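Asker: Counting from 0, one number per residue, gives the positions in the sequence shown under numbering that gives the first Met the number 0.
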Amino acid sequence: MNRTVETGKTFLVDGPASVTLVSGKAEVFGYTLKEMGKVVIRDGKRMPFVVIENSTFDISLGENASAEEAEGSTIPSSWEKAHKELATLQTKPVTVMVLGAVDSGKTSFCTYLANKLLSEEKTTKIAVLDGDLGQSDIGPPCTVAYTFISKPVTDLFNLEAKNAFFVGVTSPSKAIEKVIKGLELLKEEVLGFNPDFVIVNTDGWIEGEDALNYKIKLVEKINPQIVFCIQQDEKITPLLSALKNFKTVTVDSPPTIKQRSREKRRSLRELGYIKYLKNAKVQSMPISWLKIESEEFTGLGRNLNIKREREICELLGMKPLQIAETSDKICIIIGKGRWIDPERIDRTEKTTGKKVVVTWKGEEEGLLTALYNGERKFLGIGVLREIDYRRKAMKILTPVSNNISTVAIGKVKLDKNLREITPPIENVEKTSQTV
Ligand SMILES: Nc1ncnc2c1ncn2[C@@H]1O[C@H](COP(=O)(O)OP(=O)(O)OP(=O)(O)O)[C@@H](O)[C@H]1O
Ligand SMILES: [Mg+2]
0 MNRTVETGKT FLVDGPASVT LVSGKAEVFG YTLKEMGKVV IRDGKRMPFV
50 VIENSTFDIS LGENASAEEA EGSTIPSSWE KAHKELATLQ TKPVTVMVLG
100 AVDSGKTSFC TYLANKLLSE EKTTKIAVLD GDLGQSDIGP PCTVAYTFIS
150 KPVTDLFNLE AKNAFFVGVT SPSKAIEKVI KGLELLKEEV LGFNPDFVIV
200 NTDGWIEGED ALNYKIKLVE KINPQIVFCI QQDEKITPLL SALKNFKTVT
250 VDSPPTIKQR SREKRRSLRE LGYIKYLKNA KVQSMPISWL KIESEEFTGL
300 GRNLNIKRER EICELLGMKP LQIAETSDKI CIIIGKGRWI DPERIDRTEK
350 TTGKKVVVTW KGEEEGLLTA LYNGERKFLG IGVLREIDYR RKAMKILTPV
400 SNNISTVAIG KVKLDKNLRE ITPPIENVEK TSQTV
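1. For the putative contact between Ile-221 and Lys-186, defined by C-beta atoms under 8 Å, what is the C-beta separation to the nearest angstrom?
2. State the DSSP-derived secondary structure class of Ser-404, mapped to helix, strand or coil.
3. Taking only three categories from DSSP, how would you classify Glu-62?
4. What residue ranges within the stretch 103-133 form continuous beta strand (DSSP E) runs of no fewer than 3 residues, ordered along the chain?
5. Near Gly-43, which residues of its chain fall below 6 Å by C-beta distance, leaving aside the five closest residues on each side in sequence?
6. Tell me the DSSP secondary structure of Glu-425 in three-state form.
7. Going along the chain, which residues of its own chain have a beta-carbon closer than 7 Å to the beta-carbon of Arg-384, five neighbours each way excluded?
8. In whole angstroms, give me the CA-to-CA distance for Ser-72 and Val-50.
9. Beta strand (DSSP E) containing Pro-285: first to last residue?
10. So does Lys-274 have its beta carbon nearer than 7 Å to some heavy atom of ligand 1?
11. Could you give the distance in angstroms between the alpha-carbon of Trp-78 and the alpha-carbon of Val-197?
12. Taking 7 Å as the cut-off, does the CB of Lys-105 come closer than this to any heavy atom belonging to ligand 2?
13. From Asn-157, Cys-312 and Thr-351, pick the residue whose C-alpha is nearest to that of Lys-274; which is it?
14. Does Arg-264 come out as helix, strand or coil in the three-state DSSP assignment?
15. Would you say Thr-142 touches ligand 1, meaning its beta carbon is less than 7 Å from a heavy atom?
16. So the beta strand (DSSP E) Glu-292 belongs to, where does it begin and stop?
17. Restricting to runs no shorter than 3 residues, where is the beta strand (DSSP E) found entirely within the stretch 344-376?
18. Would you identify the three-state DSSP class for Ser-76, choosing helix, strand or coil?
19. For a test of the three-state rule: what should DSSP assign to Gly-304, helix, strand or coil?
20. Can you name, in chain order, every residue of its own chain whose Cβ lies under 7 Å from the Cβ of Ile-286, other than the five neighbours on each side?
21. Could you tell me how far apart the beta carbons of Pro-75 and Asp-232 are, in whole angstroms, since I believe they sit closer than 8 Å?
22. Should Asp-131 be counted as a contact of ligand 1 given a C-beta to heavy atom distance under 7 Å?
23. Please work out which residues of its chain come closer than 6 Å, Cβ to Cβ, to Val-434, disregarding the five sequence neighbours upstream and downstream, and give them in chain order.
24. So, are the CB atoms of Lys-328 and Lys-354 less than 8 Å apart?
25. Would you report the Cα separation of Lys-91 and Lys-349, rounded to the nearest angstrom?
26. Taking 8 Å as the cut-off, decide whether the C-beta atoms of Val-399 and Leu-370 are in contact.
27. Nearest to Pro-139 by alpha carbon, out of Gln-321, Gln-89 and Arg-265?
28. Spatial neighbours of Ile-235 within its chain, please: C-beta separation below 6 Å, excluding the five flanking residues on both sides.
29. Expressed to the nearest angstrom, what Euclidean distance is found between the alpha-carbon atoms of Phe-245 and Val-95?
30. Please look up how many angstroms separate the CB atoms of Ile-125 and Pro-194, rounded, as I've assumed it's under 8 Å.
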C-alpha cells in the first residue's frame with residue numbers, strides 16, 4: 000500500500016511493519032533513508048519517518064500494526080543540540096552515557112547520535128556500548144555488549160555484537176556488581192580500538208535509592224565526559240541531583256514515544272534470543288573440557304576427593320549424582336523426584352558448618368547460557384538442555400560449535416519455543432521491576 004506524506008510531517012509507524020521509501024526524502028533517527036531500501040519495524044516498536052521532502056512510502060502492516068501522521072518533526076530540538084555539542088568536542092575518545100527511565104527514548108537517542116555523527120564524517124569510529132540487560136539492542140538479552148557502527152542504521156538491533164559479557168538475568172537490580180564489571184571490561188576493550196566516540200546506553204532503572212546508587216557507581220566507573228539524561232517527567236530529578244559532580248546535559252523525551260507493556264517488552268526480548276539462536280543445534284560437550292560458571296551448579300566437572308565424598312554421602316544417607324563443596328556451601332544434585340531426608344540435611348549442615356544446597360536433575364533444562372572461548376571472547380548464547388551426570392556431558396542448544404572453553408549458566412529459563420518461562424509465584428515479587 001502506498002502512502003504520501005507532506006514535507007515537514009512525521010510518519011509514525013507501529014510494528015510489525017515494513018516501510019520502503021519509494022520517492023522523496025525522509026529520515027529515521029537522523030539517518031537519511033535510501034530510496035527503495037526496506038525498513039523493518041519490529042512488533043512493539045514505533046519508528047518516526049521525518050519527511051524532509053514530500054515522500055511516498057510503500058507500507059506493509061502486520062497484525063495490530065498502524066501508521067499515522069504527526070505535525071512537524073518528532074525529534075526533539077534538544078537532541079539536535081546534543082549532537083552539535085558532541086561534534087565540537089576535540090579530545091578523542093569522547094565517551095557519553097545515556098540515562099533515562101524505561102521507554103524514555105534512550106535507544107533512539109543513541110541511534111540518533113550515532114547516525115548524525117556518522118553522516119557528518121564517514122570515517123568517524125563510533126562504538127555503542129549497550130548496558131541494558133532487559134531491553135538490549137546489541138547483544139542477546141541478559142548481556143551487556145558493544146559493537147562498532149560504520150554506517151547509519153534505523154535500528155541498532157540489526158547490528159551484531161563484537162563482544163559481550165553475560166550477566167544471566169534480565170534485571171540489573173539482581174546483578175549490580177556484575178553489570179558494572181561487564182561494562183568496565185568492555186569499555187576498556189573498546190578503547191583499545193581507538194574509537195572517536197563511545198556511546199554508552201543504560202537500563203531504565205532509575206527510581207529509588209538502590210537504582211540511584213547503582214547509576215552513580217556506573218557513571219563513576221565509566222567516567223564519561225557527558226551524561227545525557229532523558230527527561231520525561233520528574234522521575235529523572237533525583238538522578239540529576241545525584242549526578243551533580245558530573246557534566247550532565249538534559250534532553251527531552253519525544254512526546255510521541257511508544258510505551259510498551261510488560262508482555263511486549265518480553266516478546267521484544269524473545270526476538271533477541273531468537274536472533275542469537277538462529278541455526279542452533281543441540282551440541283553435546285564433555286564437562287571435563289569445559290570451565291563452568293554457575294552459582295547453582297558449582298563444582299560441576301570437578302570431583303571431591305573420595306574420602307570427603309564418602310563422609311558427605313554418609314551424613315546425607317544417600318549418594319547424590321554430584322557433590323561440590325565451597326567455603327560455605329555443599330551443593331548436591333540428586334535424581335529427578337528423589338527424596339532427601341530433611342533431618343539428614345540438618346545433620347550435614349551442623350557437622351560441616353556449611354549450608355546444603357539441593358538441586359534436582361532436570362532443573363537445568365531451559366537455562367540460558369553463554370559460551371566463551373579460551374580468551375574469554377563471547378561466542379554466543381545457548382539453552383541448556385541437559386546435564387548428563389553419568390556420561391559427564393552437557394547438552395546445549397546453540398549455534399556455536401567451535402572453540403567453546405567456558406559455559407556460564409544464567410538464571411533465565413526458556414522453553415522449547417524460546418519463550419521466557421515465568422518464575423514461580425514467590426519470585427514474581429522480586430522481579431516486578433520493569434525490564
Ligand atoms: N521521536 C520519536 N517519535 C516516535 N516514536 C519514537 C520516537 N523516539 C522513539 N520512539 C519510539 O518509542 C519507543 C521507545 O523508545 P526507545 O526504545 O528508544 O526507548 P528506551 O528508553 O530505549 O526504552 P527501553 O527502556 O525499552 O530500552 C520505540 O519504539 C521508539 O522507536
Ligand atoms: Mg532501549
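Think of the CB as a built atom: it goes at the ideal place given N, C-alpha and C, for glycine as much as any other residue.
In this text the structure is predicted, and so the values were computed from the model without any measurement.
Answerer: With the structure as the only source:
1. The pair is a contact, with the Cβ atoms about 6 Å apart (cut-off 8 Å).
2. If DSSP states are grouped into helix, strand and coil, Ser-404 belongs with coil.
3. Glu-62 falls in the coil class under three-state DSSP.
4. List check, beta strand (DSSP E) in window: 125-129.
5. So the list reads Arg-259, Lys-263 and Leu-267, once near-sequence residues are dropped.
6. Note that Glu-425 has pLDDT 45, beneath the 50 cutoff, so the model's placement of it is unreliable and the number below is only indicative. Here Glu-425 sits in helix by DSSP.
7. Only Val-281, Glu-364, Lys-394, Ile-395 and Leu-396 meet the Cβ criterion.
8. Separation of Ser-72 and Val-50 (C-alpha to C-alpha, rounded to the nearest whole angstrom) is 8 Å.
9. Per DSSP, Pro-285 belongs to the beta strand (DSSP E) from 280-285.
10. Incorrect: Lys-274 has no Cβ contact closer than 7 Å to ligand 1.
11. A straight-line Cα-Cα distance of about 17 Å links Trp-78 and Val-197.
12. Lys-105 Cβ: within cutoff of ligand 2.
13. In terms of CA proximity to Lys-274, Asn-157 leads the group Asn-157, Cys-312 and Thr-351.
14. Helix, per DSSP.
15. No - ligand 1 has no heavy atom lying nearer than 7 Å to the Cβ of Thr-142.
16. Judged by DSSP secondary structure, Glu-292 falls within the beta strand (DSSP E) whose first and last residues are 290-292.
17. Every unbroken stretch of the beta strand (DSSP E) spanning 3 or more residues and falling wholly within the stretch 344-376 is given here in chain order: 354-359 and 366-371.
18. Helix, per DSSP.
19. Checking the sequence shown, residue 304 turns out to be Asn, not Gly. Coil.
20. Leu-299, Gly-300, Lys-391, Ala-392 and Met-393, listed in sequence order.
21. The C-beta distance from Pro-75 to Asp-232 rounds to 14 Å, too long to meet the 8 Å contact threshold.
22. At least one heavy atom of ligand 1 lies closer than 7 Å to the C-beta of Asp-131.
23. Gly-133, Thr-169 and Ser-170, listed in sequence order.
24. Result yes, Cβ atoms of Lys-328 and Lys-354 sit closer than 8 Å.
25. If I take the Cα positions, the gap works out to 59 Å.
26. Contact: yes.
27. Taking only the C-alpha atoms, the option nearest Pro-139 is Arg-265.
28. Within the same chain, Cys-228 come within 6 Å of Ile-235 by CB-CB distance, once the 5 residues on both sides are set aside.
29. Inter-residue distance for Phe-245 and Val-95 is about 11 Å (C-alpha atoms, whole angstroms).
30. Approximately 6 Å separates the beta-carbon atoms of Ile-125 and Pro-194; this is inside 8 Å, confirming the contact.
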